[in-house]
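Its first residue numbered 1, the sequence shown is counted upward by one per residue in our numbering.
Even glycine gets a Cβ: it sits at the ideal position worked out from N, Cα and C.
For reference, the structure is listed below as structure tokens.
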Amino acid sequence: MTKIETQVKLKQLWEGFHWLFFVDVQGLIICLRRFEIELAAGNLCQAEVELGTATKLMLASGAAMELAGSFSRKEYENQIIPTMKPPQVESENFSGLMSWDHALLIKILKRLSPVFQALPVELHTQHSQFVNAYVTLSSAHTAVCTRFGGDEKGSLRCNKSTAVSKLKIFAQNRLKLIDPNHKVTDG
Numbered sequence: 001m002t003k004i005e006t007q008v009k010l011k012q013l014w015e016g017f018h019w020l021f022f023v024d025v026q027g028l029i030i031c032l033r034r035f036e037i038e039l040a041a042g043n044l045c046q047a048e049v050e051l052g053t054a055t056k057l058m059l060a061s062g063a064a065m066e067l068a069g070s071f072s073r074k075e076y077e078n079q080i081i082p083t084m085k086p087p088q089v090e091s092e093n094f095s096g097l098m099s100w101d102h103a104l105l106i107k108i109l110k111r112l113s114p115v116f117q118a119l120p121v122e123l124h125t126q127h128s129q130f131v132n133a134y135v136t137l138s139s140a141h142t143a144v145c146t147r148f149g150g151d152e153k154g155s156l157r158c159n160k161s162t163a164v165s166k167l168k169i170f171a172q173n174r175l176k177l178i179d180p181n182h183k184v185t186d187g
């Protein structure tokens, strides 16, 4: 394989699995909205189906994250990082946090936090699986970030602290939203 073919392959791998990740995020948005509607209507069985589907999408997101980073740190630094900086993108501090999908998902999770806090007992098992799926996703993201040096330096968006330390803060904040009673994360 030529150098150009390798560069194209890596870029396609990186972008393709990120696209899958965002499709999963869009699916999560739909499922969590439907979960909210079904729960409000008292349809616990259907609410459980929606939360179960959201759990599967969360796990798929973690797998996409892992697969997106299935190459070396050197390849990442030389061939992927340049695609996330001007002139390839408009922003100096490019991040997936900038997407409307991510913003909407966080808005929904904030709205659902009191719902998760008062969840009917019939949904506790599925909710635990959902929270554990988020932990799996977060761990996958952190592992990929570490593989590419994120435990040593900041991200494109924030270089004042390591990228991994930022991811851990994000994970703690997300867990506060989805597991407000700490039933899953604290045992």
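Would residue i pass as a contact of residue j if the rule is Cβ separation under 7 Å?
| i | j | result |
| --- | --- | --- |
| Q129 | T55 | yes |
| M58 | A133 | yes |
| L105 | I37 | no |
| S44 | E122 | A small correction: the amino acid at residue 44 is Leu; Ser does not occupy that position in the sequence shown. Result yes, Cβ atoms of L44 and E122 sit closer than 7 Å. |
| A68 | W14 | yes |
| L167 | T146 | no |
| P180 | S113 | yes |
Should residue i be labelled buried (16 or more other beta-carbon atoms within 10 Å of its own) or exposed?
| i | result |
| --- | --- |
| V184 | buried |
| E50 | buried |
| I80 | buried |
| D186 | exposed |
| Q126 | buried |
| A47 | buried |
| H182 | exposed |
According to DSSP, is residue i helix, strand or coil?
| i | result |
| --- | --- |
| A68 | helix |
| G149 | coil |
| E90 | coil |
| A78 | Correcting the residue identity first, residue 78 is Asn in this sequence and not Ala. Helix. |
| T162 | coil |
| K85 | coil |
| K183 | coil |
| N43 | coil |
What residue does the alpha helix (DSSP H) around residue i start on, and which one ends it?
| i | result |
| --- | --- |
| T6 | 3–40 |
| D101 | 100–117 |
Using a Cβ cut-off of 7 Å (strictly closer), state whether residue i contacts chain C.
| i | result |
| --- | --- |
| I108 | Considering every chain present, this structure includes no chain C. It has just one protein chain. |
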